[in-house]
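Everything on this sheet refers to the single structure shown next.
In the working numbering, the protein residues as written are -8 to 148.
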């Protein structure tokens, strides 16, 4: 059995334990250099937080454990196909590899597929079901927000 299969089996075990606690069937591990840095399960049912997906929980725990938001060199092993939010967070964190055990096709009969969301988000903003608009508002007499942030970073360095 490969290491990847071992990690996926661990993610599935986390997901199954979460189901036993009334949660959704999702678990995830963050691994770096062969060591499990953090784990997470879908906690929406207990936290009422729509972002409390297994991957997000594992990323948050890994960032705390490593003391950095940079998860470069890490791999995420997930029981199910990561949703677009989780995939985006993993990309923003610099995760190098994502491996999952159950596909969107596997989850579809159970209402656990995010394929439609991926399709929706691939459309231009004007064609999506959510109203998404750019409205360039600035605070009069105040520094530009992004320029102020860049200056603060230089000052802190």
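Idealized CB from N, CA, C, for every residue including glycine.
Predicted model only: the values in this text are computed from it and were never measured.
CB of residue i within 9 Å of CB of residue j, strictly
i, j, result
"residue 15", "residue 35", "yes"
"residue 33", "residue 52", "no"
"residue 50", "residue 80", "yes"
"residue 67", "residue 26", "no"
"residue 87", "residue 69", "no"
"residue 72", "residue 105", "yes"
"residue 134", "residue 142", "yes"
"residue 10", "residue 65", "no"
Same chain, Cβ closer than 8 Å to residue i, neighbours up to 5 away in sequence not counted
i, result
"residue 76", "42, 44 and 47"
Below-9 Å beta-carbon distance, residue i vs any chain D residue
i, result
"residue 10", "Among the chains of the structure shown, chain D does not appear; only one protein chain is present."
Cβ distance (whole Å) where residue i is taken to contact residue j below 8 Å
i, j, result
"residue 31", "residue 63", "That belief does not hold up - the Cβ atoms of residue 31 and residue 63 are roughly 19 Å apart, past 8 Å."
"residue -5", "residue 90", "6 Å"
7 Å CB neighbourhood of residue i in its chain, flanking five on each side removed
i, result
"residue 60", "54 and 84"
"residue 74", "44, 105 and 108"
Exposed unless 16 or more other CB atoms sit within 10 angstroms - verdict on residue i
i, result
"residue 58", "exposed"
"residue 3", "buried"
"residue 108", "exposed"
"residue -1", "buried"
Secondary structure of residue i, DSSP reduced to three states
i, result
"residue 91", "strand"
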